[in-house]
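Here full-length UniProt numbering is used: the first residue of the sequence shown is 1, the next is one more, and so on.
Quick reminder that beta carbons are idealized off the backbone N, C-alpha and C, glycines included.
The next block holds one structure in the form of structure tokens; read it before the comments.
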Amino acid sequence: MRTDTPQPVRLSDYRPFPFLIETTSLEFQLDPSATRVKATLSIKRSGDAAEPLVLNGERLKLISAAIDGQGLSANQYALDAEHLTIHQVPDAFELTTEVEIDPSANKALMGLYMSGGRFCTQCEAEGFRTITFFPDRPDVLSRFTVRIEADAAFPYLLSNGNLWEGGEVDSSQPDRRHYAVWNDPFPKPAYLFALVAGELDVLEDSFVTMSGRTVALKVFVDPGQAPRAAYALDALKRAMKWDEEAFGREYDLDLFMIVAVRDFNFGAMENKGLNIFNSSLLLAAPETATDMDYERIESVVAHEYFHNWTGNRITCRDWFQLCLKEGLTVFRDQSFSADMRGEAVQRIKDVKALRARQFAEDAGPLAHPVRPNSYLKIDNFYTATIYEKGSELIRMLKTILGAETFRKSLDLYFERHDGEATTVEAFIACFADASGRDMSDFFAWYEQAGTPAVSLAHAYDETAKTLEITLTQSTAPTNGQPIKRALPVPVTIGLLDGEGEVLRDSEVVLLDAPASTVRWEGVERAPVISALRGFSAPVNLTTDTRSVDRYVQFAADPDLFNRWEAGQTVARELVLGRAAGTPDEVGEERYADALGKALVDDASDPAFKALLLALPTEGDLSLAVDPVDPAAIHAARVHLKAVIAVHLGDLLRRLHGDLQSGGEFSADARAAGKRALRNACCDLLAADPHAVNVERVVGHFESAANMTDAIGGLSALVAIGGASAEKALAAFHAQWRHEPLVLDKWFAAQARDPGEGAIGRILALTAHPDFDAGNPNRLRALVQGFSSGNPARFHDETGAGYRFLADQILAVDGFNPMTAARLVEPLGAWRRYVPELGALMRQQLERIREHVGLSKNVLELVSRALD
Numbered sequence: 001m002r003t004d005t006p007q008p009v010r011l012s013d014y015r016p017f018p019f020l021i022e023t024t025s026l027e028f029q030l031d032p033s034a035t036r037v038k039a040t041l042s043i044k045r046s047g048d049a050a051e052p053l054v055l056n057g058e059r060l061k062l063i064s065a066a067i068d069g070q071g072l073s074a075n076q077y078a079l080d081a082e083h084l085t086i087h088q089v090p091d092a093f094e095l096t097t098e099v100e101i102d103p104s105a106n107k108a109l110m111g112l113y114m115s116g117g118r119f120c121t122q123c124e125a126e127g128f129r130t131i132t133f134f135p136d137r138p139d140v141l142s143r144f145t146v147r148i149e150a151d152a153a154f155p156y157l158l159s160n161g162n163l164w165e166g167g168e169v170d171s172s173q174p175d176r177r178h179y180a181v182w183n184d185p186f187p188k189p190a191y192l193f194a195l196v197a198g199e200l201d202v203l204e205d206s207f208v209t210m211s212g213r214t215v216a217l218k219v220f221v222d223p224g225q226a227p228r229a230a231y232a233l234d235a236l237k238r239a240m241k242w243d244e245e246a247f248g249r250e251y252d253l254d255l256f257m258i259v260a261v262r263d264f265n266f267g268a269m270e271n272k273g274l275n276i277f278n279s280s281l282l283l284a285a286p287e288t289a290t291d292m293d294y295e296r297i298e299s300v301v302a303h304e305y306f307h308n309w310t311g312n313r314i315t316c317r318d319w320f321q322l323c324l325k326e327g328l329t330v331f332r333d334q335s336f337s338a339d340m341r342g343e344a345v346q347r348i349k350d351v352k353a354l355r356a357r358q359f360a361e362d363a364g365p366l367a368h369p370v371r372p373n374s375y376l377k378i379d380n381f382y383t384a385t386i387y388e389k390g391s392e393l394i395r396m397l398k399t400i401l402g403a404e405t406f407r408k409s410l411d412l413y414f415e416r417h418d419g420e421a422t423t424v425e426a427f428i429a430c431f432a433d434a435s436g437r438d439m440s441d442f443f444a445w446y447e448q449a450g451t452p453a454v455s456l457a458h459a460y461d462e463t464a465k466t467l468e469i470t471l472t473q474s475t476a477p478t479n480g481q482p483i484k485r486a487l488p489v490p491v492t493i494g495l496l497d498g499e500g501e502v503l504r505d506s507e508v509v510l511l512d513a514p515a516s517t518v519r520w521e522g523v524e525r526a527p528v529i530s531a532l533r534g535f536s537a538p539v540n541l542t543t544d545t546r547s548v549d550r551y552v553q554f555a556a557d558p559d560l561f562n563r564w565e566a567g568q569t570v571a572r573e574l575v576l577g578r579a580a581g582t583p584d585e586v587g588e589e590r591y592a593d594a595l596g597k598a599l600v601d602d603a604s605d606p607a608f609k610a611l612l613l614a615l616p617t618e619g620d621l622s623l624a625v626d627p628v629d630p631a632a633i634h635a636a637r638v639h640l641k642a643v644i645a646v647h648l649g650d651l652l653r654r655l656h657g658d659l660q661s662g663g664e665f666s667a668d669a670r671a672a673g674k675r676a677l678r679n680a681c682c683d684l685l686a687a688d689p690h691a692v693n694v695e696r697v698v699g700h701f702e703s704a705a706n707m708t709d710a711i712g713g714l715s716a717l718v719a720i721g722g723a724s725a726e727k728a729l730a731a732f733h734a735q736w737r738h739e740p741l742v743l744d745k746w747f748a749a750q751a752r753d754p755g756e757g758a759i760g761r762i763l764a765l766t767a768h769p770d771f772d773a774g775n776p777n778r779l780r781a782l783v784q785g786f787s788s789g790n791p792a793r794f795h796d797e798t799g800a801g802y803r804f805l806a807d808q809i810l811a812v813d814g815f816n817p818m819t820a821a822r823l824v825e826p827l828g829a830w831r832r833y834v835p836e837l838g839a840l841m842r843q844q845l846e847r848i849r850e851h852v853g854l855s856k857n858v859l860e861l862v863s864r865a866l867d
């Protein structure tokens, strides 16, 4: 039994740091195994005169410490594994410390570490404390000047802000060391510090801001990779222009840089003026990147750039306010993507991701509010709830207040809090002040965990031509919150008639009580109610809509989200009915027929049709039942997919052929939509593995002229299995074994193998020469791809999938706790599964918790899952 009980950090315990760090000067003598860091801090007391100076510091070898040039003796300070405490300090002074660190030994990829022979950093959330002694908290803002010195093997020396000077240290010396000095004129917290040093190629461009300033743009990548950064650079320029037009935000430095790094725990990081990206979210070429990669690059480049105002210029007072920067910035990047790729298609994709990740999070023991009130490790709260649900809260504000007032509120926020570390309360106060409305009820969305369930019932009076709609809401208890408040839920509603004609345009009904009824006059015909249009609130909606009305919506709803949602709802009911032992074979054929009609609708965009063809995922389906039987859901979904493939076989083959393009590759939304539809047809044809379809899928793979089609064909063949799949996998590996990002896709395709031998394949792949658990991309591709993306095989009745995941978590926790913790979630929902599976999952969680030396990251999540 564990005896150590780490103490949580609590929001209620927040106290301002008792000192101001006005300026920070850092000097780096870079060496892969013995880097020296000299820090000079200009400090003024702002709190109690009796308080000592307590600085964070971990894994640092202290060389010296001095105040105003006078070295500190051992009795003047205390040093432990996490802090440097100086007992008595003046009210204003200069502190100088020098430490030694070992970047090459840093496998946690936090702080300063080596990747691909280069130095790089990741400091969010608490990595800066492994570089030097500092108050490593977001409310301590300082102006940084950074001098970097290294030998000539590291030609580029990069940091935040503007380059002040650089050159050789002493040309007479044989080692030919050189240096660069960077200055960031904007005060920032330590988590936004960045440093990169090494051999790189650079792609350059410029951007003229709305005030006429020219900003130099530079994207740094592995040697030889510069052409693959062209799309990211183009996305950056589009994002800069869009932010000026949509939010009035102009970039503020003379230089904006992005660096691609292969080994990175996150997707990307918004360090001021020097964004550091996981290579997988920056590099793209048609032969190596899928359309999904292009979309994600566009979105993430925009996201990190938008952080310049929502995260950098205005940052968080403490880490409990993380949603303040992340939820708002996700909303901004989703809005940008909607303008770039089509509003309806983007909204559907965003909601699919929200349900897959955040709704699942809310349904299990790891549920937490958008603004948590305690944590052991803040790393564990970089979650879908903070990001995606946080974005939905911003979207609801826009829906409730209207676009004009929403923009006015954000303008006030930027004006009022520029240069500050602030709170969610201050943010919401801007909306209250700009709108003149009481927003106190809305704040409950930030404090309450769980996904609200909203139900809609209607009564139509044909004689009086009136419609009454009754809405009710409830939220199930979550850990620590047994009683839930009613929330203000904006429900956007429109009306159709039985022929699909519009009876009433969209109107927002605000449900701000446990139950509410609205009455509409002048409804001329019996209505089909189209509710929660555009997914106007992050809730689970149930209605008294008849099955026949769902088909009306599926065929004619002018709100494309609800048209797609109607099809998803029909499919969900068919799959879950069969899984429960009550199949509806007539309904399955009718659904397939309706899909066929949608596919030949020339008015619909190919990307939208591709989304219509995709059945709800097994993860999505599992959220609708309790307890979950993964095997039954998998079998029922496979059956419906086969029904569609057989029923629409001729149409699917014709579409698949007609959509083949031999022209020049384009990454634009229309071309990507056509490829998406063609690959959706290929995926469905694989569900009916008759010889003619297998031959077509093999041809799809072998003739692929871009990575989107290659992966589409490979994934379809893996789903079919057999000799054709093994031949394709071998050919793919032989062609791309020297391309790490492409090889990640090879591992990911096999992680989702639906065959009965999947676990054996996964275990064998962990011993493959190309598998490297130390690289987060490779680990996620295989281990997370299996545990989160292959539920039928992960939930194997023997528990082998659970044992495999637990083994991986414990192994990775030894060197990268943050990445290990992110693997825990698939085990966390054990209570929702059939008892025989739940018991096996719980057994592995208990085994993990009892492991000696377990990190705080993993301990926190496993304990929450069990307790």
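In whole angstroms, what separates the C-alpha of M1 from that of W182? With a pLDDT of 47 at M1, under the threshold of 50, the modelled position of that residue is not reliable, and no figure is offered here.
Any idea what DSSP makes of D441, helix, strand or coil? Collapsing the DSSP output to three states places D441 in coil.
Considering only DSSP beta bridges, list what W520 is partnered with. Answer is L467, bridged to W520.
Could you tell me which residues DSSP puts in a beta bridge with L511? For L511, which the question treats as bridged, DSSP gives the partners V489.
Any chance the region 689-696 sits against the region 666-677, with 3 or more Cβ pairs inside 8 Å? In short, these stretches do not touch, since the Cβ pair count stays below three.
Helix, strand or coil: which one does DSSP assign to S530? Strand.
Candidates A806, R590, L112, P817: which alpha carbon is nearest G828's? When only C-alpha atoms are compared, the closest one is A806.
Nearest-angstrom Cα separation, counted from V812 out to A800: Cα to Cα, the separation comes out at about 18 Å.
Since A725 and L684 should fall inside the 8 Å C-beta cutoff, what is the C-beta to C-beta distance between them, to a whole number of angstroms? That belief does not hold up - the Cβ atoms of A725 and L684 are roughly 17 Å apart, past 8 Å.
Do A367 and T478 have their C-beta atoms closer together than 9 Å? Closer than 9 Å, so yes.
Helix or strand or just coil, what does DSSP make of Y294? Reduced to three states, the DSSP call for Y294 is helix.
Going by DSSP in three states, G712 sits in which element: helix, strand or coil? Helix at G712.
So is Q88 buried or exposed if we call it buried at 16+ other beta carbons inside 10 Å? Its Cβ having fewer than 16 others within 10 Å, Q88 is exposed.
Which ranges would you report for the alpha helix (DSSP H) in the region 186-250 if only whole runs of at least 4 residues count? With a minimum length of 4 residues, the continuous alpha helix (DSSP H) runs that stay inside the region 186-250 are 230-247.
Please work out which residues of its chain come closer than 6 Å, Cβ to Cβ, to A607, disregarding the five sequence neighbours upstream and downstream, and give them in chain order. Counting only Cβ-Cβ distances below 6 Å, and skipping sequence neighbours, we find V345, G673, A676.
Can you find the residues in the same chain that come closer than 7 Å, C-beta to C-beta, to N562, ignoring five residues on each side of it along the sequence? Closer than 7 Å at the Cβ level, and outside the excluded window around N562, lie S530, R533, Q553.
Taking contact to mean 3 or more Cβ pairs, one atom from each stretch, closer than 8 Å, check whether the region 517-526 and the region 539-557 are in contact. Touching, no, given that fewer than three Cβ pairs across the two stretches are closer than 8 Å.
First and last residue of the uninterrupted beta strand (DSSP E) at A758: Premise fails: A758 lies in the alpha helix (DSSP H), 758-766, not in any beta strand (DSSP E).
From P189, G224, F256, residue whose alpha carbon lies closest to that of R213: Shortest Cα-Cα distance from R213 to any of P189, G224, F256 involves F256.
Taking V196 as the reference, which of G273, Y382, N312, K38 has the closest Cα? Out of G273, Y382, N312, K38, G273 has the C-alpha closest to the C-alpha of V196.
Does DSSP put F786 in a helix, a strand or coil? Assigned with DSSP and collapsed to three states, F786 falls in helix.
Please classify F535: does DSSP put it in a helix, a strand, or coil? Residue state, collapsed to three classes: coil.
Determine the contact status of R129 and A190, defining contact as a CB-CB distance below 9 Å. Yes, these two residues count as a Cβ contact at 9 Å.
Residue from V491, A194, K237 with nearest C-alpha to M269: With distances taken between CA atoms, M269 lies nearest to A194 out of V491, A194, K237.
What do you get for D559, buried or exposed, if any count of 16 or more other CB atoms within 10 angstroms of its CB means buried? Label assigned to D559: buried.
What first and last residue would you give for the alpha helix (DSSP H) that runs through I400? Counting along the chain, the unbroken alpha helix (DSSP H) around I400 starts and ends at 390-401.
Quick test of your reading: D293 and A284, contact by CB under 8 Å. State the CB separation rounded to the nearest angstrom. With 8 Å as the limit, D293 and A284 qualify as a contact, their Cβ atoms being about 6 Å apart.
Between E756, F786, P754, G755, which has its C-alpha nearest T766's C-alpha? It is F786.
Is the Cβ-Cβ distance between L576 and V518 less than 9 Å? Result no, Cβ atoms of L576 and V518 do not sit closer than 9 Å.
Per DSSP, what kind of secondary structure is R822 in: helix, strand or coil? Annotated three-state conformation of R822 is coil, per DSSP.
So, at 7 Å on beta carbons, what are the nonlocal neighbours of F17 in its own chain, with the 5 sequence-adjacent residues on each side left out? These residues qualify, in order along the chain: P135, R137, D139, V140.
Bridge partner(s) assigned by DSSP for A453: Beta-bridge pairing links A453 to S474, N540.
Can you tell me whether I483 is buried or exposed, with buried defined as 16 or more other CB within 10 angstroms of its CB? By the 10 Å Cβ count, I483 comes out exposed.
Keeping to the same chain, check which residues put their C-beta closer than 8 Å to that of L741; ignore five residues upstream and five downstream. So the qualifying residues of the chain are S279, S280, L283, T288, A289, N777.
For H795, name the three-state secondary structure that DSSP assigns. H795: coil per DSSP, three-state reduction.
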